[in-house]
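Peer 1:
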Amino acid sequence: KNQVEQSPQSLIILEGKNCTLQCNYTVSPFSNLRWYKQDTGRGPVSLTIMTFSENTKSNGRYTATLDADTKQSSLHITASQLSDSASYICVVSVLSGANNLFFGTGTRLTVIP
Amino acid sequence: DARVTQTPRHKVTEMGQEVTMRCQPILGHNTVFWYRQTMMQGLELLAYFRNRAPLDDSGMPKDRFSAEMPDATLATLKIQPSEPRDSAVYFCASGLDLNEQFFGPGTRLTVL
């Protein structure tokens with residue numbers, strides 16, 4: 185069964201600290217993996233997208249890594265800011281099939297001053 | 028600043044009533060998606076269109092849900108009759124094929 189699991193479910197950190205969110209998947213055949221940020225009351229916004237051959241990709245203070253062998257991805261946030269408080273959703277695409285997008289349930293990050 | 032728009036932003040209705048949600052995709056995008064998001068299930072893909080043709084609606088309860096694209100600037104998601112379990116936030120997203128998706132602000136639906 186194709187699944188995407190994220191951990192932790194929720195996380196609270198102090199402003200300025202770093203954190204890492206995890207995404208493990210079992211979907212196959214893998215096409216790409218995306219991380220989205222969703223602010224409360226808004227739609228998700230894409231942070232990064234990685235294909236099979238990419239190990240890491242950065243977007244400002246966000247750095248995503250991908251290990252296609254172990255089927256794991258992480259999103260590292262550096263020097264967190266209050267505005268980083270949001271849900272972070274991992275989405276994995278497969279190469280074929282009518283429904284080829286698989287969503288994690290997200291990690292809820294709260295950054296406190 | 029191109030963005031996906033959705034109307035209404037909020038909808039409260041009674042069980043059994045018809046609900047229609049509308050989406051205007053970003054001009055030039057050829058793929059439109061409908062998602063439902065709840066606290067318990069997270070984001071679920073309901074249906075998607077490419078070049079206005081429905082490609083997949085396997086995630087959608089067929090007996091009460093229907094999705095259409097009357098033209099390239101409008102996508103609709105209809106629920107008839109609505110039920111309390113349909114309460115959720117419904118997102119529309121558009122993109123060029125499946126490589127990127129830009130989400131709208133969502134419609135928060137409450138069915139009493």
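Protein chains in written order, with our numbering: chain A, 185 to 297; chain B, 28 to 139. Note that CB positions come from ideal geometry on N, CA and C, so glycine has one too.
Quick one: list the residues of chain A neighbouring PHE118/B, beta-carbon separation under 8 Å, in chain order.
Peer 2: Your numbering for residue 118/B matches position 91 in the second sequence. Correct list: GLY227 and PRO228.
Peer 1: Taking Cβ-Cβ distances shorter than 8 Å, what residues in chain B pair up with PHE287/A?
Peer 2: Numbered from its first residue, the first sequence carries residue 287/A at position 103. Residues of chain B passing the Cβ test: GLY69, LEU70, GLU71 and LEU72.
Peer 1: Buried or exposed, going by whether 16 or more other CB atoms sit within 10 Å of the CB of MET48/B?
Peer 2: Counted from its first residue, the second sequence places residue 48/B at position 21. With 16 or more other Cβ atoms within 10 Å, it is buried.
Peer 1: Between GLY55/B and chain A, is there a C-beta pair that is closer than 9 Å?
Peer 2: The residue you call residue 55/B lines up with position 28 of the second sequence. So no, GLY55/B is outside the interface.
Peer 1: So which of LEU72/B, GLU110/B and HIS37/B has the shortest CA-CA distance to LEU139/B?
Peer 2: One-based indexing of the second sequence puts residue 139/B at position 112. The candidate whose alpha carbon is nearest that of LEU139/B is GLU110/B.
Peer 1: Could you check what DSSP says for PRO81/B in three-state terms: helix, strand or coil?
Peer 2: The residue you call residue 81/B lines up with position 54 of the second sequence. It is a strand residue.
Peer 1: Using a cut-off of 9 Å between C-beta atoms, extract the partners of PRO132/B located in chain A.
Peer 2: What you label residue 132/B is simply residue 105 of the second sequence in a count that begins at 1. Those are GLY225, ARG226 and GLY227, listed as they occur along chain A.
Peer 1: Using a beta-carbon distance below 9 Å, is PHE92/B in contact with chain A?
Peer 2: Sequence index remark: in the second sequence, residue 92/B carries index 65 (1-based). Cβ-Cβ to chain A under 9 Å: no for PHE92/B.
Peer 1: So, is the C-beta of TYR76/B closer than 9 Å to a C-beta in chain A?
Peer 2: Walking along the second sequence from the start, residue 76/B turns up at place 49. This sequence places Phe at residue 76/B; Tyr is not what is there. So no, PHE76/B is outside the interface.
Peer 1: What's the gap between the Cα of VAL39/B and the Cα of GLU45/B?
Peer 2: Along the second sequence, read from residue 1 onward, the residue named residue 39/B stands at position 12. Along the second sequence, read from residue 1 onward, the residue named residue 45/B stands at position 18. One C-alpha to the other measures close to 11 Å.
Peer 1: Measure the C-alpha to C-alpha separation of PRO228/A and PHE130/B and round it to an integer number of angstroms.
Peer 2: Taking the first residue of the first sequence as 1, we reach residue 228/A at position 44. Taking the first residue of the second sequence as 1, we reach residue 130/B at position 103. Straight-line Cα distance between these residues: approximately 6 Å.
Peer 1: Checking contacts by CB at 9 Å: is VAL275/A closer than that to chain B?
Peer 2: Counting from one through the first sequence, the residue named residue 275/A turns up at place 91. VAL275/A counts as touching chain B.
Peer 1: Give the interface partners of GLU127/B over in chain A, defined as CB-CB distance under 8 Å, in chain order.
Peer 2: Here residue 127/B refers to the residue found at position 100 when the second sequence is read from its first residue. Residues of chain A passing the Cβ test: SER230 and ILE233.
Peer 1: For ARG218/A and SER264/A, I'd like the C-alpha separation in whole angstroms.
Peer 2: Walking along the first sequence from the start, residue 218/A turns up at place 34. Walking along the first sequence from the start, residue 264/A turns up at place 80. One C-alpha to the other measures close to 20 Å.
Peer 1: Tell me where the beta strand (DSSP E) around GLU95/B begins and ends.
Peer 2: What you label residue 95/B is simply residue 68 of the second sequence in a count that begins at 1. Note, GLU95/B: beta strand (DSSP E), 92-98.
Peer 1: Kindly indicate which three-state DSSP category ASP251/A falls into: helix, strand or coil?
Peer 2: Here residue 251/A refers to the residue found at position 67 of the first sequence. It is a strand residue.
Peer 1: Return the chain-ordered list of same chain residues with a C-beta closer than 6 Å to the C-beta of VAL59/B, the five sequence neighbours on each side being excluded.
Peer 2: The residue labelled residue 59/B in the question sits at position 32 within the second sequence. Only PRO52, PHE76, ALA102 and SER121 meet the Cβ criterion.
Peer 1: Can you tell which of VAL188/A, LYS201/A, GLU199/A and TYR209/A has its C-alpha closest to the C-alpha of ASP253/A?
Peer 2: Numbered from 1 along the first sequence, position 69 holds the residue referred to as residue 253/A. Closest by alpha carbon: TYR209/A.
Peer 1: Is it right to say ARG113/B is buried, meaning 16 or more other beta carbons lie within 10 angstroms of its own, or is it exposed?
Peer 2: On the second sequence, position 86 is the one that residue 113/B refers to. It should be noted that the sequence gives Asp, not Arg, for residue 113/B. Its Cβ being crowded by 16 or more others within 10 Å, ASP113/B is buried.
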